[in-house]
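As you go down the protein sequences, you meet chains U and Y in turn.
If you use my numbering, the first sequence corresponds to residues 150 to 263, in order.
If you use my numbering, the second sequence corresponds to residues 3 to 117, in order.
Note that CB positions come from ideal geometry on N, CA and C, so glycine has one too.
This report refers to the structure that appears directly beneath it.
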Amino acid sequence: GDSVTQMEGPVTLSEEAFLTINCTYTATGYPSLFWYVQYPGEGLQLLLKATKADDKGSNKGFEATYRKETTSFHLEKGSVQVSDSAVYFCALSDRPGGSYIPTFGRGTSLIVHP
Amino acid sequence: NAGVTQTPKFRVLKTGQSMTLLCAQDMNHEYMYWYRQDPGMGLRLIHYSVGEGTTAKGEVPDGYNVSRLKKQNFLLGLESAAPSQTSVYFCASSYGTGGFEETQYFGPGTRLLVL
Chain U
150 GDSVTQMEGP VTLSEEAFLT INCTYTATGY PSLFWYVQYP GEGLQLLLKA TKADDKGSNK
210 GFEATYRKET TSFHLEKGSV QVSDSAVYFC ALSDRPGGSY IPTFGRGTSL IVHP
Chain Y
3 NAGVTQTPKF RVLKTGQSMT LLCAQDMNHE YMYWYRQDPG MGLRLIHYSV GEGTTAKGEV
63 PDGYNVSRLK KQNFLLGLES AAPSQTSVYF CASSYGTGGF EETQYFGPGT RLLVL
């Protein structure tokens, strides 16, 4: 079946450091890929997405490129801020049999210190 | 436009008690979902619905029932609560036009403690 694997957290960085959160996936079809962010005490919200190979999703300084050859969708940001502290979820939606069944990774906690 | 709302925000139950969690969305979305979030487990899909009057099982459906009598509401029921159902429950919805490119919109969550 489909699965998403994210790097273990927490990831702890100083403000203005470079961020990478790794995400790899397995899918039976040709999925769309997503990053969601969950701030403390809130529900998840979409950060960015990509729907086909080599697409780059971007938002709020975050980027991720859909790499079909390596089945990866790593999240990057050039300079993190304290306000980026949150839990980040990689997710995919596949299309087996024409149905939409979302699959989420376990989440990676990011802690940014001033 | 409230988006996705969940009621209640927090609840404590005793083992064996029943309760219903309510999810409401005002975006005219076709698809709705219930997830549970446990430490180190990410989000796991309990049940989902692809339209009014329809429901389907997700990854972890046992011990839960759902109903979608109105398009804007999706109810999650626990008939006989167990401590293993202590979790944070999230409702989500999406447009349902194509499915695979769709963004999910999440509610703020319901924290449930079963003693």
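CB contact check: residue i to chain Y, cutoff 8 Å
| i | result |
| --- | --- |
| F222 (chain U) | no |
| V160 (chain U) | no |
| R255 (chain U) | yes |
| P263 (chain U) | no |
| F211 (chain U) | no |
| F167 (chain U) | no |
Three-state class that DSSP yields for residue i in the structure shown
| i | result |
| --- | --- |
| Q87 (chain Y) | helix |
| V62 (chain Y) | coil |
| T257 (chain U) | strand |
| S163 (chain U) | strand |
| V231 (chain U) | helix |
| S82 (chain Y) | coil |
| D203 (chain U) | coil |
| T112 (chain Y) | strand |
| Y221 (chain U) | One point to set straight first is that residue 221 (chain U) is Ser, not Tyr, in the sequence displayed. Reduced to three states, the DSSP call for S221 (chain U) is strand. |
| H31 (chain Y) | coil |
Listed by chain order, chain U residues near residue i by CB distance under 8 Å
| i | result |
| --- | --- |
| T105 (chain Y) | F183, L195, K198 |
| F92 (chain Y) | G192, L193 |
| M34 (chain Y) | Per Cβ cutoff of 8 Å: no residues; M34 (chain Y) is ~12 Å from chain U at best. |
Cutoff 8 Å: residue i Cβ touching any chain U Cβ
| i | result |
| --- | --- |
| P10 (chain Y) | no |
| M29 (chain Y) | no |
| L23 (chain Y) | no |
Alpha carbon of residue i to alpha carbon of residue j, nearest angstrom
| i | j | result |
| --- | --- | --- |
| L98 (chain Y) | D243 (chain U) | Reading the sequence as shown, one finds Gly at residue 98 (chain Y) and not Leu. G98 (chain Y) and D243 (chain U): Cα-Cα distance of roughly 14 Å. |
| C43 (chain Y) | E212 (chain U) | Looking at the sequence provided, one finds Met at residue 43 (chain Y) rather than Cys. Answer to the nearest angstrom: the Cα atoms are 25 Å apart. |
| N75 (chain Y) | P263 (chain U) | 42 Å |
| G109 (chain Y) | G5 (chain Y) | 8 Å |
| S89 (chain Y) | T219 (chain U) | 34 Å |
| G247 (chain U) | L117 (chain Y) | Below a pLDDT of 50, predicted positions are generally treated as unreliable, and G247 (chain U), at 49, falls in that range; no measurement from the model is reported. |
| D28 (chain Y) | T257 (chain U) | 30 Å |
| G79 (chain Y) | F167 (chain U) | 44 Å |
| G111 (chain Y) | Y174 (chain U) | 26 Å |
| S86 (chain Y) | G60 (chain Y) | 17 Å |
| L45 (chain Y) | L24 (chain Y) | 18 Å |
Cross-chain neighbours of residue i in chain U, by beta carbon under 9 Å
| i | result |
| --- | --- |
| P110 (chain Y) | G190, E191, G192 |
Task: Under 9 Å (Cβ pairs) to chain U, residues found in the region 39-57 of chain Y - done: Q39, G42, M43, G44, L45, R46, L47, Y50, V52
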